[in-house]
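Engineer:
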Amino acid sequence: MGSLERMFNPKVVALIGATDREGSVGLALLKNLLKSNGDREIYPVNPNRESVLGLKCYPSIRDVPEHVDLAVIATPAKTVPKLVEECGEAGVEGVVIVSAGFRETGEEGRRLEEEIKKIKSKYGLRVLGPNCLGFIRPPIGLNSTFILKDPEPGQIAFISQSGALGSAILDWAVSAHIGFSMFISLGSMIDIDFGDLIDFLGQDPYTRSILIYMESVGDARKFMSAARGFARNKPIIVIKPGKYSTGAKAALSHTGSMAGSFEVYRAAFRRVGVVRVDEIQDLFNCASVLDSRHLPAGPRLAVITNAGGPGVIAADAVAENGGFLAELSETTMETLNALLPPYWSRGNPIDVLGDADINRYTAALKACLADPNIDGVVVIYTPQGAARPLELAEEIVEIVRESARAKPVLTVWMGGDEVWEARQLFHKNDIPTYETPEEAVKTYIYMYKYKRNLELLYETPADLPIDPAPPKNFLKILIKKILSEGRVVLTPDESDKFLDAYGIPRARGELATNLNEALAIASKIGYPVALKIVSHDIVHKTDVGGVVTNVSSESELRTAFLKLIDTVKSKAPDAKIKGVYVQQMIKPTNYELILGSKKDPDFGSVIMFGTGGIATEVFRDFSIGLPPLNQVLARRLMEETKIYNSLLHGMRGKPPADMKKLEEIVVRFSNLIVDFPEIKEADINPLIVTDNSIYAVDFRIVLDPECVDSHEPYPHLVIMPYPTKYVRLWRLRDGREVLLRPIRPEDEPLEYELIKGLSEESSRFRFFQVIREITHEMLVRFCNIDYDREMAIIAEYNQDGKRRNVGVGRLIIEPERKRGEFAVLVADDFQGKGLGTKLTDMLIEVALEKGLDSIYGIVLPENTKMIGLCKKLGFDIKYGTDEVYVELKLRPRVTVREELAVKPAVTTAPTEKETLAKEEISQ
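Count along the sequence shown from 1, then add 108; that gives the number in our numbering.
Here you go:
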């Protein structure tokens, strides 16, 4: 992580604004820094102090005798830009700005922030804040905040966008003896943001779980990319306020940034494996269990209790949080009937009654763990009956150990001092324990959702028969023409061109400019038809009587056409009517759906799917997904809606929908949205499902004039789509053709066959070991990649009509996006034909387009062919004992900091302006 690594693990720290004035931020910061453990130097900086707390005080950062890794600035806002400039000149790695008085104060504060941004870009500085608390790293004994609390070392990292809330949580965590690997307050996030910190903490050996309090995401693309990269290995748990409008307004006034749509945030978190929780307590409850390998297989929960009330509370919590009370199997019922009193609850929750002894509890728990209908168990104990809390806890610990933790067991020991020892025993044996049934149930459901989100990252999609690059340039020209006319809403005949280009089936229809044309169109497409007014001045046709349906004959059409025109003219006399759209009526209508898109201010274009028709806003049955979508993501999008079960199984005599066809239509629509940043809003409503097919009946497109001719690739997306520009045919030395293209999640079977067919030598040269077992998880990591920070180019060869992967070149970009590590693998029977050189050359092309400084690789000394290839392509070769390091410099890049490093420092007398600034700093 380069400068972030040095910033968050500094050897030399300077505090600018150090003072010994009681009650000041500068004094609190200095006291905390001086408590640092290890070999760390602390340098106070203040031009009007000779010493502070017995330490020599330096007039400026340039006078500090050592290279500074971290500078903390605690001075008035208007002095900060110049101080950041001095830090850049002195080669400081990172700066923490705790000062307030920036964008939250208005326009002048924004101007100061913009000035700091320019300075930090000029010098390659990393900046935390402004208006933040700073950060604490308990494992290395560093506290760079002004909070007079020292949390214990732990394995939880906590990132807070709110300083006040972060301070309160830290105070509570210290009293509860909750340890941290890092506590950090982001402030206004002019540089370091959630994505940076996830990248850093994802590789931090002290961190196992990452907790986040988020008000707005900041750089959404960076957050999504980082979270996707590390959510598989370290749980990322987020609490996001602003669920209701009042909460969103509060977030706006508190941080100066707009809170995004709650549903979109939830979809974004789900897409990258992040768990969203509702309460602060949930953050820490989840942190202790989500990094476990023993996550539930499903949402079916059994509750064992010795009191009816807590059992009912647990059952309510299961329903409220989207879980299911497990239905006990016949075998379990027979077992419990034989072991429990006749008047037990005879269902789930399993009430073992108030006089229960240890044997009743253990019998019920063993039966539940053996029941295939049960995915997890919550055991509730209230101090009553024959079972003593500690002895019962000891038995449960033993049962869980014997079961090899095949199913999660969560415990609720209700009470105070009497159950304290039992809780400590559970903690000691890594068995989750809680004070209330609600906490336990919510945590279990979060465990399940986390597992479900991870499965989404690991699931291999089916390969759909969809053209990844349909003809679209003529549609780009159409959009420019429409915008040049001062319009942003497309007419039905214009929208149809988009559906046809992307293969989305639609109800047949054409635009008629007079009655005779309408009659001819109806005769061609067949009765019954619908008539829809077309006018650039009318947005909602039904509001002005602009739609007539079920016109079943020529005579009806003559009457309906003229009446439609008259009605619209009377209700919208100023509207210019372009014509009438004549469209076939789709019958039978089994289901009406909506498939749409809109641009979210934080996450760009999103996809919406749900119950459609005229009542879509009444039912509000919809789910959100982020493009690009594949077959698995399309299905998951649909699964989140209430109508999904009806589509899957049928309803009230209506047959099920063709789900494969529906998935394909959703993916095609996603591709359309991916290709057109010019689309601001779009919806197909209704998307009608019939007995045999699916049709788009009404498609509305609203354009975004600001996104026409954008030079940035995919400015409307936070997840990079499939990079079709790297798809090309290439001829091997022996004349055979291969298709070179980026890898896709659907390529898992091809990747499996490539690795399976390698010789031991080829396997060892690529993976530094012989791969004996090829797991699904391994293949997912190879095939389901983030194109923003990784690229894998495969060589596909058509062998007797069967597709085969015969080579792959892979480039993994480091988080700071300066370097990338590459590797190349070629099937044994395709080696020596130029494929390895071609794949490496394509990776160099990718690296150049990504703006990397260099690419590097590690090669075994005996892999002479690869070493020779690298020499031929101009790589620098460095031989080690066990490995060879190869690196290709792509571009000479000299930063301002590097230029300063080779120039002698010039000391000049301070100007009057600098003298005044120093006086402000000292204050």
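Ideal Cβ placement from N, Cα and C applies to all residues, glycine included.
If you're wondering where the values come from, they're calculated on a predicted model, not measured in any experiment.
Can you tell me which of Asp258, Val172, Arg666 and Val846 puts its alpha carbon nearest to the alpha carbon of isoleucine 629?
Structural biologist: Isoleucine 629 has its Cα closest to that of Arg666, out of Asp258, Val172, Arg666 and Val846.
Engineer: Could you check what DSSP says for tryptophan 838 in three-state terms: helix, strand or coil?
Structural biologist: Strand.
Engineer: Leaving out five residues before and five after serine 333 in sequence, what residues of the same chain have Cβ atoms less than 6 Å from its Cβ?
Structural biologist: Closer than 6 Å at the Cβ level, and outside the excluded window around serine 333, lie Asp894, Asp896 and Arg897.
Engineer: Starting from glutamate 149, trace the beta strand (DSSP E) in both directions and tell me its first and last residue.
Structural biologist: Start and end: 149 to 153.
Engineer: Where do the ends of the alpha helix (DSSP H) carrying threonine 439 lie?
Structural biologist: Segment 438 to 447, the alpha helix (DSSP H) holding threonine 439.
Engineer: Output yes or no for whether 8 Å exceeds the beta carbon distance between valine 656 and alanine 680.
Structural biologist: No. Outside cutoff.
Engineer: Could you tell me the boundaries of the alpha helix (DSSP H) in which phenylalanine 606 lies?
Structural biologist: Here the alpha helix (DSSP H) through phenylalanine 606 covers 600 to 609.
Engineer: Decide if arginine 918 is buried, meaning its Cβ has at least 16 other Cβ atoms within 10 Å, or exposed.
Structural biologist: Per the 10 Å Cβ criterion, buried.
Engineer: In terms of residue numbering, what span does the beta strand (DSSP E) encompassing tryptophan 1034 cover?
Structural biologist: The chain is shown from 109 up to 1031; residue 1034 falls before or after that span and cannot be answered.
Engineer: State yes or no: is the C-beta of isoleucine 458 within less than 8 Å of the C-beta of glutamate 499?
Structural biologist: In this structure, glutamate 499 does not lie closer than 8 Å to isoleucine 458 by Cβ.
Engineer: With a CB to CB cut of under 8 Å and the five nearest residues on each side skipped, what residues in its chain are close to alanine 626?
Structural biologist: Taken in chain order, the residues that qualify are Ala620, Leu639, Leu665, Phe669, Val688 and Val690.
Engineer: Would aspartate 766 and isoleucine 722 qualify as a contact pair, given that the criterion is a beta-carbon distance under 8 Å?
Structural biologist: Result no, Cβ atoms of aspartate 766 and isoleucine 722 do not sit closer than 8 Å.
Engineer: Where do the N-terminal and C-terminal ends of the beta strand (DSSP E) with glutamate 904 fall, by residue?
Structural biologist: Counting along the chain, the beta strand (DSSP E) containing glutamate 904 begins and ends at 898 to 907.
Engineer: Tell me the DSSP secondary structure of asparagine 456 in three-state form.
Structural biologist: Note: asparagine 456 maps to coil in three-state DSSP.
Engineer: How would you write the range of the alpha helix (DSSP H) that leucine 775 sits in, first residue to last?
Structural biologist: Looking at the sequence provided, one finds valine at residue 775 rather than leucine. Note, valine 775: alpha helix (DSSP H), 767 to 783.
Engineer: Please check the pair asparagine 561 and glycine 381, which I expect to be a contact at CB under 8 Å, by giving their CB distance rounded to whole angstroms.
Structural biologist: Indeed they touch by this definition, with Cβ atoms about 4 Å apart.
Engineer: Between which residues of its own chain and leucine 887 is the CB-CB distance below 7 Å, once the five residues before and five after are set aside?
Structural biologist: Excluding residues within five positions, the ones whose Cβ falls inside 7 Å are Glu856, Glu859 and Tyr860.
Engineer: Please state the DSSP three-state secondary structure of serine 643.
Structural biologist: DSSP places serine 643 in strand when its eight states are reduced to three.
Engineer: What does the Cβ neighbour count give for isoleucine 792, buried or exposed, with the cut at 16 atoms within 10 Å?
Structural biologist: By the neighbour-count rule (16 or more Cβ atoms within 10 Å), isoleucine 792 is buried.
Engineer: Counting Cβ pairs, one atom from each stretch, are 3 or more of them under 8 Å apart for the stretch 313 to 328 and the stretch 806 to 821?
Structural biologist: Counting Cβ pairs under 8 Å, fewer than three are found: no touch.
Engineer: Reducing DSSP to helix, strand and coil, say where methionine 290 ends up.
Structural biologist: Strand, per DSSP.
Engineer: Just curious, the alpha helix (DSSP H) that glycine 718 is in, first and last residue?
Structural biologist: Unbroken run through glycine 718 is the beta strand (DSSP E), 712 to 719; no alpha helix (DSSP H).
Engineer: What is the rounded straight-line gap between the Cα of valine 120 and the Cα of asparagine 140?
Structural biologist: Their Cα atoms are separated by approximately 15 Å.
Engineer: Glycine 73 to arginine 129, Cα distance in whole Å?
Structural biologist: Because the chain in this structure spans residues 109 to 1031, residue 73 falls outside the shown range and cannot be described.
Engineer: What span of residues does the beta strand (DSSP E) with alanine 790 cover, start to end?
Structural biologist: 787 to 797 is the span of the beta strand (DSSP E), which, as asked, contains alanine 790.
Engineer: Pull up the distance between the alpha-carbon of aspartate 990 and that of isoleucine 787, whole angstroms please.
Structural biologist: Approximately 54 Å, taken between the alpha carbons.
Engineer: Among residues of its own chain, excluding the 5 on either side of glutamate 845, which ones have a beta-carbon nearer than 6 Å to its beta-carbon?
Structural biologist: Contacts found: Leu837 and Arg839.
Engineer: Let's test the definition: count the other Cβ atoms within 10 Å of the Cβ of asparagine 156 and tell me whether it reaches 16, buried, or not, exposed.
Structural biologist: Asparagine 156 comes out exposed.
Engineer: Beta strand (DSSP E) containing valine 934: first to last residue?
Structural biologist: Note, valine 934: beta strand (DSSP E), 927 to 934.
Engineer: Could you give the distance in angstroms between the alpha-carbon of alanine 367 and the alpha-carbon of alanine 272?
Structural biologist: Because alanine 367 carries a pLDDT of 31, less than 50, the predicted location of this residue cannot be relied on, and the following value inherits that uncertainty. If you take the alpha carbons of alanine 367 and alanine 272, they lie about 18 Å apart.
Engineer: Let me make sure I understand the geometry here. Which of Gly718, Leu444 and Ile851 has the alpha-carbon closest to that of isoleucine 902?
Structural biologist: Nearest option by C-alpha distance: Ile851.
Engineer: Report yes if the CB atom of leucine 951 is closer than 8 Å to the CB atom of isoleucine 963, and no otherwise.
Structural biologist: Taking 8 Å as the Cβ cut-off, leucine 951 and isoleucine 963 qualify as a contacting pair.
Engineer: Between phenylalanine 288 and glutamine 389, what straight-line distance do the alpha-carbon atoms span, to the nearest angstrom?
Structural biologist: So the two alpha carbons sit approximately 15 Å from each other.
Engineer: Less than 8 Å between the beta carbons of lysine 342 and arginine 316, yes or no?
Structural biologist: Going by C-beta atoms, lysine 342 is nearer than 8 Å to arginine 316.
Engineer: Could you tell me which of Gly944, Thr697 and Ile507 sits nearest to arginine 874, measuring between CA atoms?
Structural biologist: Closest by alpha carbon: Gly944.
Engineer: Can you round the beta-carbon distance between leucine 233 and valine 200 to whole angstroms, since I take them to be within the 8 Å contact cut?
Structural biologist: Correct: roughly 7 Å between the Cβ atoms.
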